[in-house]
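Enquirer:
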Amino acid sequence: MKTKVALITGGYTGEAEISYKSSAFVYSQIDKEKYDVFLIDITPQSWGYIDQDNQKHEIDRQDFSLNINNEKIHFDVAFIILHGTPGEDGRLQGYFDMIGLPYTSCGALTSSLTMNKGYTKAIIQDIDQLNVAQSVLLFDIDRPKASEFVKNKLSLPLFVKPNAGGSSIGMNKVNTWEELPKALDDAYDAEGTGKQVLVEEFVKGREFSQGIYRDSKGELQVLPATEVITTREFFDFEAKYTPGLTQEITPAEINADQKNRADEIIKEIYIRLNCKGMVRVDFFLQNETDKFYFIEINTIPGQTPQSFIPQQVKASGRTATEFYGELIEAALIS
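For reference, each letter of the sequence shown is one residue, going 323 to 656 in our numbering.
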């Protein structure tokens, strides 16, 4: 009997567009000789599966099962490739915990916590050799006086971004105080990212992204780092998803000391945040000091052919098929 995998895609925010691209790649790479894969689309309107005859079947949310031709299909594992709500913020994970269905991503608490950039920084900031930029966390109640509050606490230039959400939606770099009010509005009003805003002092340095996962033997595996060099002022949504705007070098050209430090820090971040499955950590190496500065962690990283994790998997000598198989097997035994 093949293992039945529910490959979860879609979502409730604008990031659903990326979820569909990511899940299409994952689906194409999973070993169909070993796994029976059902692509489950979760949207605000429905949770469903479309079969080979283009017939839609609704998920029974009592137990996350399907009824196809009077056959009840129960899944062995959920492979979550759903960016944003409800797949990245812990809501879906909490539901799966309640019905007893294993899944490939971090647990509900870790997923919820890491969607909140400010809260994440508070937990990992005492890790040895890890630095975090000076910042302020603004709530909806702070909005009327947000600009004044930031001016009193931080120095230019700044990054302003929603405290929850991904894909750099609602993020701006602020070089003058005149630019601050609009940047704050963009972050506060970004779709599906809540009403909290994180403002950080700018760290000048080389930018990297690096994946890590726990394999089916329980061992942590750190993937090669990717260096991100963009023609834009920073790595925003357009830079991420518009061809030609960004150069991505995998594996990154870093020396042995930098690699060893990054690997050990990323392992510590993974452990401190009680992560599961694959995650991606973004960081700077500051130009003047070569210090490691945390940017953010992504617990459902993109899986399009151009995304960082597939690049890093290939650079590590693994195939995507082997990698996704490892994630499924690790979830089944965790």
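Glycine included, C-beta positions come from ideal geometry on N, C-alpha and C.
Mind pulling the beta strand (DSSP E) runs of 3 or more residues that sit fully within the region 497-548?
Expert: Counting only runs of 3 or more, we get 519-523, 527-536, 542-544.
Enquirer: Give me the Cα-Cα distance between lysine 394 and lysine 581, rounded to the nearest whole angstrom.
Expert: Computed Cα separation, rounded: 49 Å.
Enquirer: To which residues of the same chain is leucine 459 closer than 7 Å at the C-beta, ignoring the five residues directly before and after it?
Expert: The residues are Gly440, Asn485, Gln518, Leu520.
Enquirer: Count the other C-beta atoms from every protein chain shown that fall within 10 angstroms of the C-beta of aspartate 604, then say buried if there are 16 or more, exposed otherwise.
Expert: Looking at its Cβ environment, which holds 16 or more other Cβ atoms inside 10 Å, aspartate 604 is buried.
Enquirer: Are aspartate 411 and methionine 437 touching if we call contact CB-CB under 8 Å?
Expert: Contact flag set, yes.
Enquirer: Glutamate 522 and serine 434: beta carbons closer than 8 Å?
Expert: No, the pair does not count as a contact, with Cβ atoms beyond the cut-off.
Enquirer: Just to confirm before moving on: does the CB-CB distance between threonine 426 and glycine 599 stay below 8 Å?
Expert: In this structure, glycine 599 lies closer than 8 Å to threonine 426 by Cβ.
Enquirer: Mark alanine 444 as exposed unless 16 or more other C-beta atoms lie within 10 angstroms of its C-beta, in which case mark it buried.
Expert: The residue in question, alanine 444, is exposed, as its Cβ has fewer than 16 Cβ neighbours within 10 Å.
Enquirer: Please report how far the alpha carbon of glycine 332 lies from the alpha carbon of phenylalanine 606, in whole angstroms.
Expert: Approximately 31 Å, taken between the alpha carbons.
Enquirer: Roughly how many whole angstroms lie between the Cα atoms of asparagine 497 and proline 479?
Expert: Rounded to whole angstroms, asparagine 497 to proline 479 spans 5 Å at the Cα level.
Enquirer: Along the chain, which unbroken stretches of the beta strand (DSSP E) at least 3 residues long are found entirely within the region 324-367?
Expert: With a minimum length of 3 residues, the continuous beta strand (DSSP E) runs that stay inside the region 324-367 are 325-332, 357-364.
Enquirer: On a Cα-Cα basis, can you pick out the residue from Leu431, Leu423, Phe397 that is closest to arginine 413?
Expert: For arginine 413, the nearest C-alpha among the options comes from Leu431.
Enquirer: Indicate the three-state DSSP secondary structure (helix, strand or coil) for isoleucine 372 in the structure shown.
Expert: In the structure shown, isoleucine 372 sits in a strand (DSSP, three-state: E or B).
Enquirer: How many whole angstroms separate the CB atoms of threonine 572 and glutamine 625, which I take to be in contact at a CB cut-off of 8 Å?
Expert: Rounded, the Cβ-Cβ distance is 15 Å, inconsistent with contact.
Enquirer: Just tell me which of Lys539, Thr641, Phe530, Gly540 has its CA closest to the CA of valine 550.
Expert: Closest option to valine 550, Cα to Cα, is Phe530.
Enquirer: Report the three-state DSSP secondary structure of alanine 400 (helix, strand or coil).
Expert: Alanine 400: strand per DSSP, three-state reduction.
Enquirer: Going by beta carbon distance, what residues of the same chain come within less than 7 Å of aspartate 353, once the five residues before and after it are set aside?
Expert: Same-chain partners within the cutoff: Thr643, Gly647.
Enquirer: Would you say the beta carbon of isoleucine 403 comes nearer than 7 Å to a heavy atom of the ligand NAD?
Expert: Looking at this structure, you won't find the ligand NAD or any other ligand, since it has none at all.
Enquirer: Is arginine 594 closer than 8 Å to isoleucine 449 when the C-beta atoms are compared?
Expert: Yes.
Enquirer: For histidine 396 and glutamine 628, what's the separation of their Cα atoms in angstroms?
Expert: C-alpha separation (whole angstroms): 33 Å.
Enquirer: Looking only at its own chain, which residues have a Cβ that is under 8 Å from the Cβ of alanine 547, when we skip the five neighbours before and after it?
Expert: Cβ neighbours of alanine 547 beyond the five flanking positions: Phe530, Ser531, Gln532, Thr572, Pro573, Ala574, Ile576, Lys581, Ala584, Gln634.
Enquirer: Going by the DSSP bridge assignment, what does lysine 394 pair with across the sheet?
Expert: Lysine 394 is bridged to Asn389.
Enquirer: For arginine 465, tell me which candidate among Met420, Asp508, Ser538 has the shortest Cα-Cα distance.
Expert: When each option's Cα is compared against that of arginine 465, the closest is Asp508.
Enquirer: Name the DSSP beta bridge partners of valine 635, please?
Expert: BP columns for valine 635 are empty, so no partner.
Enquirer: Rounded to a whole number of angstroms, what is the C-alpha to C-alpha distance between phenylalanine 481 and asparagine 494?
Expert: Near 6 Å, if we compare the C-alpha coordinates of asparagine 494 and phenylalanine 481.
Enquirer: Run through DSSP, which three-state label would glutamine 384 get?
Expert: If DSSP states are grouped into helix, strand and coil, glutamine 384 belongs with coil.
Enquirer: Just grab the DSSP bridge partners of tyrosine 615 for me.
Expert: Looking at the DSSP assignment, tyrosine 615 forms a beta bridge with Asn453, Phe606.
Enquirer: Using 8 Å for Cβ pairs, my map puts valine 348 next to isoleucine 650. What's the rounded Cβ distance?
Expert: About 10 Å separates the two Cβ atoms, so there is no contact after all.
Enquirer: Counting only the same chain and skipping the five closest in sequence on each side, list residues whose C-beta sits under 8 Å from that of serine 341.
Expert: Cβ within range, chain order: Thr331, Gly332, Gly333, Ile403, Leu404, His405, Gly406, Gly409.
Enquirer: Whose C-alpha, out of Asp373, Thr365, Ser368, is nearest the C-alpha of leucine 359?
Expert: As written in the sequence, residue 359 is valine, which differs from the leucine given in the question. Comparing Cα-Cα distances from valine 359 to each of Asp373, Thr365, Ser368, the minimum goes to Asp373.
Enquirer: Which first and last residues belong to the beta strand (DSSP E) in which phenylalanine 481 is found?
Expert: Unbroken beta strand (DSSP E) run through phenylalanine 481: 480-484.
Enquirer: Are the Cβ atoms of isoleucine 362 and isoleucine 381 separated by less than 8 Å?
Expert: Cβ atoms of isoleucine 362 and isoleucine 381: closer than 8 Å.
Enquirer: Which runs of the alpha helix (DSSP H), 4 residues or longer, sit entirely within the region 415-456?
Expert: Whole alpha helix (DSSP H) segments, 4+ residues: 430-436, 439-446.
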